[in-house]
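Mapping to the UniProt record's numbering: the sequence shown position 81 is 81, numbers consecutive.
See below for the structure under consideration.
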Amino acid sequence: MQLVSGEATVLQLAEPFEMSLPGISKHLKVLEKAGLIEKGKTAQFRPCRLKVEALQEANQWLEQYKRLWEERLDRLDAYLLELQKSKGKN
């Protein structure tokens with residue numbers, strides 16, 4: 001991810017992808033609206049930069065749900081194994 005290293009313009013961010021500039025800009029607007037990046041105002045360019053605090057907050061939120069889903073999937077796995085064992089006995 002280029003923004004980890006610092007600011008980058010839309011052109012720099014678009015370079016490694018086979019997407020149009022309007023397509024990249026649309027994605028960046030979504031990230032900006034979500035508060036995950038911000039755009040600077042340097043001369044004619046508007047370089048993008050990560051908002052680390054927002055990403056850390058999002059990561060904490062995702063971790064909570066990750067644990068929840070891992071627990072639920074573990075219980076489902078145990079239930080399915082038990083179901084398989086009981087079918088094998090019949």
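Just so it is clear, CB atoms sit at the ideal spot from N, CA and C, and this is done for glycine as well.
Check                                                                                                                                                               : Outcome
Kindly indicate which three-state DSSP category residue 46 falls into: helix, strand or coil?                                                                       : coil
Classify residue 34: buried if its beta carbon has 16 or more other beta carbons within 10 angstroms, exposed otherwise.                                            : exposed
For a minimum of 3 consecutive residues, which ranges assigned as the beta strand (DSSP E) are wholly contained in the UniProt domain "HTH arsR-type" (2-39)?       : 37-39
Alpha carbon to alpha carbon, what distance is there between residue 60 and residue 45?                                                                             : 32 Å
Taking the straight line between their C-alpha atoms, what separation do you get for residue 47 and residue 41?                                                     : 7 Å
By Cβ distance, which residues of its chain are closer than 8 Å to residue 36, with the 5 residues on each side in sequence left out?                               : 50, 51, 54, 55, 58
On the premise that residue 14 lies in contact with residue 24, defined as a C-beta separation below 8 Å, what is that separation, rounded to the nearest angstrom? : 4 Å
Kindly indicate the opening and closing residues of the alpha helix (DSSP H) around residue 51.                                                                     : Segment: none, residue 51 is in no alpha helix (DSSP H) and carries neither H nor E.
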